[in-house]
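J.: Numbering (our numbering), first residue to last: 357 to 460.
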Amino acid sequence: MAVLNVIDRDGKAHQLETVEGWRVMELLRDQNMGVEGICGGACDCASCHVIVAEDWAARLPEPREDELFKLDELPEIAPTSRLSCQIIWSDGLDGLSLTIAESA
Ligand code: FES
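1) When DSSP builds the beta bridges, which residues end up paired with residue 406?
2) What is the DSSP secondary structure of residue 359, reduced to helix, strand or coil?
3) Using beta-carbon positions only, say whether residue 404 and residue 446 come within less than 8 Å of one another.
4) Residue 451: buried (16+ other C-beta within 10 angstroms of its C-beta) or exposed?
5) So what's residue 413 in DSSP terms, helix, strand or just coil?
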């Protein structure tokens, strides 16, 4: 099974189960990584902010404009910041690594 590698806000590493077609936000939220997903994936709250590992960032689909606008509203972002609700899981992402952002 494809896995999602996550560093939580305490710096602890986790390997999460994944479901094809789910939003990464949903995988994080439902496996208790402290991601709320307040807007349900509507790209409107940024509570799902994550920082993708550099070697993975270019392998993900480009963010849409509304995601970039929402990220711009955050007080602090990284070059590889993404909203995890905008990343749809497919098994081709097996091994994707990300860190839950402090500002989420
Ligand atoms: S869950 Fe609200 S922006 Fe991602």
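Where a beta carbon is used, it is the ideal one built from N, C-alpha and C, also for glycine.
T.: Reading from the atomic positions:
1) DSSP lists 438 and 456 as partners of residue 406.
2) In the three-state reduction of the DSSP assignment, residue 359 falls in the strand class.
3) In this structure, residue 446 does not lie closer than 8 Å to residue 404 by Cβ.
4) Residue 451 is classed as exposed because its beta carbon has fewer than 16 other beta carbons within 10 Å across all chains shown.
5) It is helical.
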